[in-house]
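Have a look at the structure below before the remarks.
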Amino acid sequence: MDDEHLISKKEVLEEMGISYGQLYRWKRKGLIPEVWFIRRSTFTGQETFFPRDQIVERIQRIKAMKSEHALDELADLITEQVSAKIQIAFDRLQKLGWLDDSLLEICHIKRQDGAAVSMREAFCLAVLRRVRSAARQEELDLVQRALMDALEKKLMDRIPSGTIHLHLLRKRISGGGISAEISMVVISPEGAIFDPEIEVVTTIDLGAVLQRIRLDLANMNGGRSEDVGEVKGEE
Amino acid sequence: MSDERQSASISGSGSLTGGTFSRISISGSGKVNGDVVVEDLRISGSGRVSGTTEAGQIVVSGSGTFSDTVIADEMRVSGSSRVDGLVQAKELKCSGSFRTSGGITSDYVKITGSLRTGADVEADIFRATGGFDIDGLLTADKIEIHVGGRCRAKEIGGERIEVRRASHSLLAGLVRILGVNSGVSRLETTVIEADEISLEDTTADIVRGKRIEIGAGCRIGTVEYEETLSVRDDAEVRDRRQV
């Protein structure tokens, strides 16, 4: 990471007008991801730095939360252990523009009034929505199955501790006048290298998707309405 | 699963398969195979859970071993306990010896015995009068440490941090008079950061905060303070700067 894009903890406190207590509290609540804490040795001793844009944006969002309750809800959404149990009402997803009959079908979710989906399903929907433009129908199904399987194996627990990517890959194999193309889904830490014959259809940063969902949902609860609009436009 | 939850008690030697229970009591030597959800878990002999444990209350007065995550409203350890995983407890009281390989998340942690953790300890309030060894960050809104043994954490951060010399122990007093105390009953860490910090008997590379008091027996590399700093005569501070 480029040094210019880093901001020291002291600068964060000063620029954002917050205290050590608040910063540590938000860290504990999981509102500030562990991976953003970058420890460096400087001439004044060990210091902690953050990715500037991300931390500034995050703290602005946190400060915009109107009440402690909203903050707790945001925290609940961001910390997985709790959010596994969270049910997200359909009408909220509807407002976020996530609901799409074809995606719901792939995820085996039935559209019902007053129904809710789990955090996992919401996550799956969000990933599929991002993959859709590049993927074929059967590949969407493959992505869904790979994701659900990974989630079953505690994928969510791994996301906070490092960047996890989902790659959709294709490889053409030909011989004897027959050619076939196979599709693959790989979920791995960032930096995976594929052989040159593999076509990387799309790569999704799962951590970013998860953060996005959580913040979107949290913002619907108590945040600023313009953020929700921004989400709708984002694809 | 039926709503009626069972209760199990092992008083000789035995084992049971995990599941949902209202109460499990182990007073002999017992083993729970698999994940368990239990309202009330009491181990006064030697007990072992070989899966995850989700409990309302856990009381260990003998020896307890948990081979995976423990989630509880209240966990009390007065004997000896080991968790090979994370601990999430609203309230954690340890007067015996407690070891975890994963981190601890709790609203309230009270240590009067000894605690060893392989990762971070996160709480709203952390109080210790015993010793601890935290191989990670110790963070809480309020941290109160009465140094009663070797206390070590990689880093400490929060809102208010108070470290005091344990004055009530006669033995500690004697040891101090005899002058063999140095290096035994101390808090050792690299970085301490909080809005209000008051320290005694602490060794740290860096102390950063708004209002800082460096008291008796401290050996600090650098103090960076925003508003106020007071340093006792017998404390050692190599470098101090107002930021």
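Respectively, the protein sequence lines represent chains Y and Z.
Numbering-wise (our numbering), the first sequence opens with residue 1 and increments by one.
Numbering-wise (our numbering), the second sequence opens with residue 1001 and increments by one.
Cβ atoms here follow ideal geometry from the backbone N, Cα and C, with glycine treated the same way.
- The segment 170-187 of chain Y makes no contact with the segment 207-214 of chain Y, as fewer than three CB pairs between them are under 8 Å.
- Contiguous beta strand (DSSP E) elements confined to the segment 112-142 of chain Y occur at 116-118, taking only those with 3 or more residues.
- Under the DSSP assignment, S102/Y falls in the alpha helix (DSSP H) whose first and last residues are D101 to I106.
- C1094/Z is bridged by DSSP to V1077/Z and I1111/Z.
- With contact defined as three or more Cβ pairs closer than 8 Å, the segment 188-206 of chain Y and the segment 166-173 of chain Y are in contact.
- At a cut-off of 9 Å, the C-beta of K153/Y has no neighbouring C-beta in chain Z.
- Chain Y places no beta carbon closer than 9 Å to that of K1090/Z, leaving this residue out of the contacts.
- Under the three-state reduction of DSSP, K10/Y is assigned to helix.
- Non-local C-beta neighbours of D1073/Z in its own chain, meaning closer than 6 Å and more than five positions away in sequence, comprise G1056 and K1090, ordered along the chain.
- At a Cβ-Cβ threshold of 9 Å, G1018/Z and D1040/Z do not count as neighbours.
- At a cut-off of 9 Å between beta carbons, K63/Y makes no contact with chain Z.
- Going by DSSP, R58/Y is part of the alpha helix (DSSP H) stretching over R52 to A64.
- A1204/Z and L23/Y have their C-alpha atoms roughly 21 Å apart.
- Going by DSSP, G21/Y is part of the alpha helix (DSSP H) stretching over Y20 to R28.
- Residue burial is scored here from C-beta neighbours: H1146/Z has at least 16 other C-beta atoms within 10 angstroms and is therefore classed as buried.
- Our two residues, E1227/Z and R1211/Z, have alpha carbons roughly 6 Å apart in a direct line.
- Contact between the segment 15-22 of chain Y and the segment 1123-1131 of chain Z is absent: fewer than 3 CB-CB pairs across the two stretches fall below 8 Å.
- A direct Cα-to-Cα measurement between K171/Y and T42/Y gives close to 47 Å.
- When DSSP states are grouped into helix, strand and coil, I1010/Z belongs to the strand group.
- CA-to-CA, the gap between S1080/Z and E1155/Z works out to about 26 Å.
- The C-beta of D1195/Z has 16 or more other C-beta atoms within 10 Å across all chains shown, which makes the residue buried.
- Taking a 10 Å sphere around the C-beta of E1213/Z, we find 16 or more other C-beta atoms and assign the residue as buried.
- The three-state reading of DSSP puts L147/Y in helix, counting H, G and I together.
- Between the alpha carbons of R40/Y and K1093/Z lies a gap of roughly 35 Å.
- Selection S1029/Z, I1058/Z, G1012/Z and S1046/Z evaluated against F1021/Z yields I1058/Z as nearest (Cα-Cα).
- Counting along the chain, no beta strand (DSSP E) covers R1186/Z, and no H or E run does either.
- Counting of Cβ neighbours within 10 angstroms places Q1088/Z among the buried residues, the total reaching 16 or more.
- Between L128/Y and V143/Y, the CB-CB gap stays under 9 Å.
- Taking a C-beta distance under 9 Å as the contact criterion, K9/Y and F50/Y qualify as a contact pair.
- At a cut-off of 9 Å between beta-carbon atoms, E1224/Z makes contact with chain Y.
- Between I1161/Z and the set E1236/Z, G1215/Z, V1243/Z and E1054/Z, the nearest pair of CA atoms involves G1215/Z.
- Assigned with DSSP and collapsed to three states, I159/Y falls in helix.
- By the beta-carbon neighbour count (other beta carbons within 10 angstroms, threshold 16), I178/Y is exposed.
- About 6 Å separates the beta carbons of I62/Y and W26/Y, which is inside the 8 Å limit, making them a contact pair.
- Using beta-carbon distances, L23/Y counts as an interface residue toward chain Z, with a partner under 9 Å.
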